[in-house]
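Novice: The structure follows.
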RNA sequence: GUCCCCAUCGUCCAGAGGCCUAGGACGUGGCCCUUUCAAGGCCAAAACGCGGGUUCGAAUCCCGCUGGGGACGCCA
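In the numbering used here, the protein residues as written are 25 to 523.
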């Protein structure tokens, strides 16, 4: 089995295309087949190397590996259409010689007018066949006269073209609804339908898995396979990915590209697992499975027929799962750019990363995406007693006598205590409880406010030890300075006294 | 306009003629856990588009309608 993913490098990798790539990958990996990456860059106007590199980068980030492609090579390259122009031209010449293709001198204006007229008259909007009957003498004379004709494929008329779609079953088109497609443009570059056929045939692709938008191209391609003496591959057309309003997923729905989802802090394994669930099911009651297991279970015949709405809420849920599963060290490293873009100045060394990793569970247990980690851990690196008391709600709470007693007891206890770990923090809390007679929220909320400067945040049991571990960190760790709990408590009491 | 594809909770899936009083997940609501916010646990509400057939029996098969989507480029 040989499958392929064939993006055109005209922009970012869209999640819909990523899903097509994934399904190809699942099919190839599940069956021990090969995946080919081919760059469809025959549109020189829109294709860019930047886009190509971006697409490759996004695919690699997702972990979708390929066996042949422009970067890794392979026996049936080159893998960029722009480097295969001679092949298309030589097959076109062959079709021309066999009378299966002909030169077309129609102008764009003429073609547009014909199309419009056809729609108005209720006829299918197809090529009228004006140049079909031109003799080769006439054609060559016009070429000699300086005209640059396109080449059209002569679709045999009056017969049915049927193909068995692996996901949809038999699909039937009548040849009369297919106009003669252009295979070579006036500038001798190939048109999509032709290049695809030549490439898939020459690259020995056995299964073409692509978007549903190509379903009506399939009959044109099949007649070309036949004219060229190639055996058509099996086809499988995947339903579209839609936005919440059931229109194709686009910018106005928010993020659409893999790069954007990466930037928002989704993990590749989460995006992949989510995408696999969109149009397919790995089995009743099971959704969250490692990619290899998905590949093992994947059956192209079991892919759904109808379009699917992309649901970022569900993606977020999948991501939470993988965030919890992931190695803290990995997440710590991935989180650094997010801290930086939130204004935290850091360039952690190994110790810094180790500390960050040790604190990471505080964030990963309660956050959707990497981008939310800095906000969740802000209280670790940022403390300002004055600023805390500037918050009317905090000030209001501290107006009462009981919380003040808690805070003062806390400052006193911490003044002599060594750095807090979980147990020492608990015993300090017990001490204050005994001293003040307060418990529960009455006890812990003032502690939280004094130590974090905020009324809400992660569990103190986790946060407090992390703060005091951070306070021990040398400057060389490359993290913002962490003010320890005893300093925080003392500062808070001083600030309170000034009020 | 012509051709093609599609149709189960708001969303994603399960359902391959009787296992369906239609199952799971996300989201939503409630409850629980809890020192706060989250996270987590439990419970609940929520769907077979409509009309005809076929069959003893249809969410499942057939036809039509309606609705959605795609294609009709010298874009891919």
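Just so it is clear, CB atoms sit at the ideal spot from N, CA and C, and this is done for glycine as well.
Grouping DSSP H, G and I as helix and E and B as strand, with all else coil, what is residue 188?
Specialist: Strand, per DSSP.
Novice: Pick helix, strand or coil for residue 498, following the three-state DSSP scheme.
Specialist: Three-state DSSP puts residue 498 in coil, outside helix and strand.
Novice: Bridge partners for residue 194 per DSSP, in chain order?
Specialist: BP columns for residue 194 point to 188.
Novice: Is DSSP giving residue 179 helix, strand or coil here?
Specialist: Coil.
Novice: Under a three-way DSSP split, which group does residue 285 fall into?
Specialist: The answer is helix: DSSP assigns residue 285 an H, G or I state.
Novice: Per DSSP, which one or two residues make a beta bridge with residue 26?
Specialist: 58, per the DSSP bridge assignment.
Novice: Once you ignore the five residues that flank residue 378 on each side, which residues in its own chain have a CB closer than 7 Å to its CB?
Specialist: Here the set comprises nothing.
Novice: Could you work out which residue in 341, 104, 85 and 209 is closest to residue 61 when comparing CA atoms only?
Specialist: Among 341, 104, 85 and 209, the Cα nearest to that of residue 61 is on 104.
Novice: Check residue 233 in the structure and name its three-state DSSP category.
Specialist: In the structure shown, residue 233 sits in a strand (DSSP, three-state: E or B).
Novice: Which same chain residues end up closer than 7 Å to residue 504 when comparing Cβ atoms and leaving out the 5 residues on each side of it in sequence?
Specialist: Cβ neighbours of residue 504 beyond the five flanking positions: 368, 369, 370 and 405.
Novice: What runs of the alpha helix (DSSP H), each 4 residues or longer, lie entirely inside the region 328–388?
Specialist: Complete alpha helix (DSSP H) runs here, min 4: 336–349, 352–365 and 374–388.
Novice: What do you reckon, are the CB atoms on residue 39 and residue 282 nearer than 8 Å?
Specialist: The answer is yes: Cβ separation under 8 Å.
Novice: If you reduce the DSSP assignment to three classes, tell me which class residue 256 lands in.
Specialist: Note: residue 256 maps to coil in three-state DSSP.
Novice: On the CB-based measure, 16 or more other CB atoms within 10 Å of its CB, does residue 349 come out buried or exposed?
Specialist: Answer is exposed; the Cβ neighbour count stays below 16.
Novice: Within a Cβ cutoff of 7 Å, which residues of the same chain sit near residue 507, ignoring the five residues on either side of it in sequence?
Specialist: So the list reads 407 and 495, once near-sequence residues are dropped.
Novice: Taking only the alpha-carbon atoms, compute the straight-line gap between residue 14 and residue 165 and give it to the nearest angstrom.
Specialist: The structure shown has nothing for residue 14, since the chain only spans 25 to 523.
Novice: Using the C-alpha atoms, what's the distance from residue 340 back to residue 431?
Specialist: Taking the straight line from one Cα to the other gives about 38 Å.
Novice: If you draw a straight line from the alpha carbon of residue 305 to that of residue 186, how long is it in whole angstroms?
Specialist: About 28 Å.
Novice: Quick one: measure Cβ to Cβ for residue 362 and residue 386, integer angstroms, because I've assumed they're closer than 8 Å.
Specialist: Wrong, their Cβ atoms sit about 15 Å apart, outside the cutoff.
Novice: Let me check one thing: in DSSP terms, what residues is residue 128 bridge-paired to?
Specialist: DSSP output for residue 128 lists 174 as bridge partner(s).
Novice: Which one of 151, 194, 499 and 470 has the shortest CA to CA distance from residue 513?
Specialist: Of 151, 194, 499 and 470, the residue nearest in Cα terms is 470.
Novice: Rounded to a whole number of angstroms, what is the C-alpha to C-alpha distance between residue 35 and residue 75?
Specialist: Their Cα atoms are separated by approximately 5 Å.
Novice: Under 8 Å: do the region 270–277 and the region 246–256 share three or more Cβ pairs, one atom per stretch?
Specialist: Short answer: they don't touch.
Novice: Determine whether the beta carbon atoms of residue 319 and residue 50 lie at a separation below 8 Å.
Specialist: Yes.
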